[in-house]
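Undergrad: Pasting a structure here, questions to come.
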C-alpha cells in the first residue's frame with residue numbers, strides 16, 4: 025500500500041490533536057459580605073482584629089505585669105522578643121505559604137499565638153513572660169502573612185482592595201480603644217486576663233474561617249487570576 029505524499033514528494037503531516045482545557049469556574053458575584061464570602065470575610069477580619077487588639081493593648085498591661093513579676097529590668101525584652109520573632113515568622117510564612125498554601129501556617133500560627141498568650145497569662149517569672157511573648161510573636165507573624173495569601177487566593181482582584189481596607193481598619197480601631205479596654209480589664213480583673221481572654225475569643229472566628237480557607241485558598245490554582253476565587257498564581261499580592 026502506498027503512502028500519501030504532498031506534491032514535492034514529502035509525506036503529508038499527521039493532524040496535531042488540540043487539547044481541550046477546562047473552563048475556569050467564574051468568581052461569585054457580590055461583595056466581601058455577600059453570601060459566598062461572608063463566613064470567610066468575618067472569620068479572617070476577626071482574627072486580624074484580635075491580633076491587632078492584643079498588640080496594641082499589651083502596652084497597658086505590661087508595666088503592671090513587670091512590677092508584679094519583679095522583672096522591671098527585663099521589661100524591654102518583652103517587647104523586643106515579640107517583634108524579633110514576629111519578623112522572622114513573617115519571612116518564613118511567605119515562603120511556606122507560597123510552597124504549600126496558607127492553611128498550615130495559619131493553623132500553626134494560631135496555635136503558637138494562643139500558646140504564647142497562655143504562657144504570658146500564667147507566667148510566674150519575668151523570663152517565662154518574655155518566652156511567652158517570643159512564642160506569641162512567632163504565631164502572630166505566621167498568621168498575618170498567611171492571611172494576606174488567603175486574600176490573594178480566595179478573593180477575585182475586584183474584591184481584594186475592600187478586604188485589605190478592612191485589615192487596615194483592624195489595626196486603626198484597636199490603637200484607639202485597645203489601651204482603654206486593656207486598662208479596664210487590668211484594673212478590675214487583673215493583667216493576666218488581658219492575655220488569657222484572647223485565646224478564647226479567637227476560637228470562634230477561626231472555626232468559621234478555616235473551612236472556607238481550606239475550600240477556597242488551598243490546592244492548585246487556575247491560570248487566570250480573575251476567573252476563580254482562588255485568585256493568584258502565587259501567594260503574594262501584586
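In our numbering, the protein residues as written are 25 to 262.
Note that CB positions come from ideal geometry on N, CA and C, so glycine has one too.
A quick note: this is a predicted structure, and the numbers were derived from the prediction, not measured.
1. Is the beta carbon of residue 206 sitting closer than 9 Å to the one on residue 85?
2. Here's a check: name, in chain order, each residue in its chain whose Cβ is nearer than 6 Å to the Cβ of residue 129, leaving out the five neighbours to either side.
3. Do you know how far the Cα of residue 123 is from the Cα of residue 147?
4. Go ahead and pull the three-state DSSP assignment for residue 179.
5. Note the first and the last residue of the continuous alpha helix (DSSP H) segment covering residue 56.
6. Does residue 148 come out as helix, strand or coil in the three-state DSSP assignment?
7. State the Cα-Cα distance for the pair residue 152 and residue 55, rounded to the nearest angstrom.
8. Could you say which of 66, 64, 80 lies nearest to residue 202 if we only look at CA atoms?
9. If you run the structure through DSSP and keep just helix, strand and coil, what is residue 185?
10. Measuring CA to CA, which of 111, 99, 127 is closest to residue 233?
11. By DSSP, does residue 246 sit in helix, in strand, or in coil?
12. Closest by CA to residue 137, which one among 185, 155, 125?
13. For residue 222, which residues in the same chain have their Cβ closer than 7 Å to its Cβ, ignoring the five residues on either side in sequence?
14. What is the DSSP secondary structure of residue 215, reduced to helix, strand or coil?
15. If we ignore side chains and look at the alpha-carbon of each, how far apart do residue 162 and residue 198 end up?
16. What's the C-alpha gap between residue 180 and residue 104?
17. In three-state DSSP terms, what is residue 129?
18. Under DSSP, the alpha helix (DSSP H) around residue 121 begins and ends at which residues?
19. Measuring CB atoms only, is the segment 181-196 touching the segment 64-71, in the sense that at least three cross pairs come out at less than 8 Å?
20. State the Cα-Cα distance for the pair residue 168 and residue 87, rounded to the nearest angstrom.
21. Would you call residue 196 buried or exposed, if buried means 16 or more other Cβ atoms sit within 10 Å of its Cβ?
22. Count the other CB atoms, across all protein chains shown, that sit within 10 Å of the CB of residue 90; report buried if there are 16 or more and exposed otherwise.
23. Whole-angstrom Cβ separation of residue 1 and residue 145, contact assumed at under 8 Å?
TA: Concretely, from the data shown:
1. As a working note, residue 206 is residue 182 in the chain shown. As a working note, residue 85 is residue 61 in the chain shown. The answer is yes: Cβ separation under 9 Å.
2. Within the chain shown, the letter at position 105 stands for residue 129. Cβ neighbours of residue 129 beyond the five flanking positions: 117, 120, 121, 166, 170.
3. On the chain shown, residue 147 is found 123 positions in, with the first residue counted as 1. On the chain shown, residue 123 is found 99 positions in, with the first residue counted as 1. Computed Cα separation, rounded: 36 Å.
4. Position 155 of the chain shown, counting from 1, holds the residue named residue 179. Here residue 179 sits in coil by DSSP.
5. In the chain shown, residue 56 corresponds to position 32, counting from 1. Taken as a continuous stretch (DSSP letters only), residue 56 belongs to no alpha helix (DSSP H), as it is neither H nor E.
6. Stepping through the chain shown from its first residue, residue 148 is reached at position 124. Looking at residue 148 - three-state DSSP - the assignment turns out to be coil, as it is neither helix nor strand.
7. Position 128 of the chain shown, counted from the start, is the residue given in the question as residue 152. Position 31 of the chain shown, counted from the start, is the residue given in the question as residue 55. Cα to Cα, residue 152 sits roughly 45 Å from residue 55.
8. Counted from its first residue, the chain shown places residue 202 at position 178. For residue 202, the nearest C-alpha among the options comes from 80.
9. Along the chain shown, read from residue 1 onward, the residue named residue 185 stands at position 161. Residue 185: helix per DSSP, three-state reduction.
10. Taking the first residue of the chain shown as position 1, residue 233 is located at position 209. Residue 233 has its Cα closest to that of 127, out of 111, 99, 127.
11. For the purposes of this step, residue 246 is identified with residue 222 of the chain shown, where counting begins at 1. The pLDDT assigned to residue 246 is 43, lower than 50, so where the model puts this residue is not dependable; a value taken from the coordinates is nonetheless given after this. Correct three-state label for residue 246: coil.
12. Indexing the chain shown from 1 puts residue 137 at position 113. If we check each option's Cα against that of residue 137, 155 comes out closest.
13. Within the chain shown, the letter at position 198 stands for residue 222. The residues are 74, 78, 141.
14. Here residue 215 refers to the residue found at position 191 of the chain shown. Reduced to three states, the DSSP call for residue 215 is coil.
15. Here residue 162 refers to the residue found at position 138 when the chain shown is read from its first residue. Here residue 198 refers to the residue found at position 174 when the chain shown is read from its first residue. About 21 Å.
16. In the chain shown, the residue the question calls residue 180 occupies position 156. In the chain shown, the residue the question calls residue 104 occupies position 80. One C-alpha to the other measures close to 37 Å.
17. Along the chain shown, read from residue 1 onward, the residue named residue 129 stands at position 105. Residue state, collapsed to three classes: helix.
18. Taking the first residue of the chain shown as 1, we reach residue 121 at position 97. First-last of the alpha helix (DSSP H) with residue 121: 99-124.
19. yes
20. Taking the chain shown and counting its residues from 1, the one referred to as residue 168 is at position 144. Taking the chain shown and counting its residues from 1, the one referred to as residue 87 is at position 63. Their Cα atoms are separated by approximately 26 Å.
21. Along the chain shown, read from residue 1 onward, the residue named residue 196 stands at position 172. Burial call: exposed.
22. Taking the first residue of the chain shown as position 1, residue 90 is located at position 66. Buried, by the Cβ-count rule.
23. Nothing can be reported for residue 1: it is not among the residues displayed for the chain, which extend from 25 to 262.
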